[in-house]
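When you number the sequence shown by the numbering used here, it's gap-free, plus one each residue, and the end is 185.
In what follows, a structure is listed as structure tokens, so that the remarks can point back to it.
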Amino acid sequence: IRSATDRMDRLINAILRLSRNGRRELTPEPINLKQALESAAMAVQHQLDQVSAETNVSAPVITIVSDKLALDQVFGNLVDNAVKYLDPKRPGRIDISARRIGDRVVVSITDNGRGIAPQDHERIFELFRRSGVQDRPGDGIGLAHTRTLIRRLGGQITLSSRLGEGTTFNIELPLELEGAGIG
Numbered sequence: 003i004r005s006a007t008d009r010m011d012r013l014i015n016a017i018l019r020l021s022r023n024g025r026r027e028l029t030p031e032p033i034n035l036k037q038a039l040e041s042a043a044m045a046v047q048h049q050l051d052q053v054s055a056e057t058n059v060s061a062p063v064i065t066i067v068s069d070k071l072a073l074d075q076v077f078g079n080l081v082d083n084a085v086k087y088l089d090p091k092r093p094g095r096i097d098i099s100a101r102r103i104g105d106r107v108v109v110s111i112t113d114n115g116r117g118i119a120p121q122d123h124e125r126i127f128e129l130f131r132r133s134g135v136q137d138r139p140g141d142g143i144g145l146a147h148t149r150t151l152i153r154r155l156g157g158q159i160t161l162s163s164r165l166g167e168g169t170t171f172n173i174e175l176p177l178e179l180e181g182a183g184i185g
């Protein structure tokens, strides 16, 4: 009973956080995208060290005008998931890159982890849905929240994945958050 109560408490608190974040007013500011990506990679370095994995950030200096807190949550969640679902049978690697395409930027986060079955590619973005073996902690909220944040920022997220080989998440964002009026 205690375990079920604790899980329900975590779920309720996560839903409340999602609700508050969904109503939070976005605050556009200039952000050095490369630094934001490097920060996301550095935040999981201790986890990477524990499993002898590595990360590589390859991005030109690109300044975007967006909400820093939202971007930190997006990149942090995707990199954290990449670490969480590395395949322990081989050395882990996470590659993070960014490129500018016209008035947009595409960030790619690629891992050589477990991969995601084709039938789950869309499902993992649904609230309380997870994919594959459930041997890692989680409630199925992170990717739903990530997609919602990306959409609020005027972007979109897609993925390509092969079971047993790894996954790439591509996040496409505008260089300037609509209505920011800074650039």
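Yeah, the Cβ is synthetic: ideal placement off N, Cα and C, and Gly gets one too.
So if DSSP puts Val-95 in a beta bridge, which residue, or which two residues, is it bridged to?
Note that residue 95 corresponds to Arg in the displayed sequence, not to Val. In the DSSP output, where bridge partners are listed per residue, Arg-95 has Glu-56.
Where do the ends of the alpha helix (DSSP H) carrying Gln-121 lie?
Looking at the DSSP string, Gln-121 is not in any alpha helix (DSSP H), and its letter there is neither H nor E.
Return the CA-CA distance between Leu-179 and Pro-30, expressed in angstroms with no decimal places.
Computed Cα separation, rounded: 7 Å.
Assuming Gly-168 is part of the beta strand (DSSP E), what are its boundary residues?
Looking at the DSSP string, the run of the beta strand (DSSP E) that includes Gly-168 is 168-176.
Taking only three categories from DSSP, how would you classify Ala-61?
Of the three classes helix, strand and coil, the one that applies to Ala-61 here is coil, per DSSP.
Between the alpha carbons of Phe-130 and Arg-149, how many angstroms are there, rounded?
With a pLDDT of 49 at Phe-130, under the threshold of 50, the predicted position of this residue should be treated as unreliable, though the coordinate-derived value follows. C-alpha separation (whole angstroms): 13 Å.
So Leu-50 and Val-76 are supposed to be a Cβ contact under 8 Å. How far apart are they, rounded?
So it is not a contact: roughly 19 Å between Cβ atoms.
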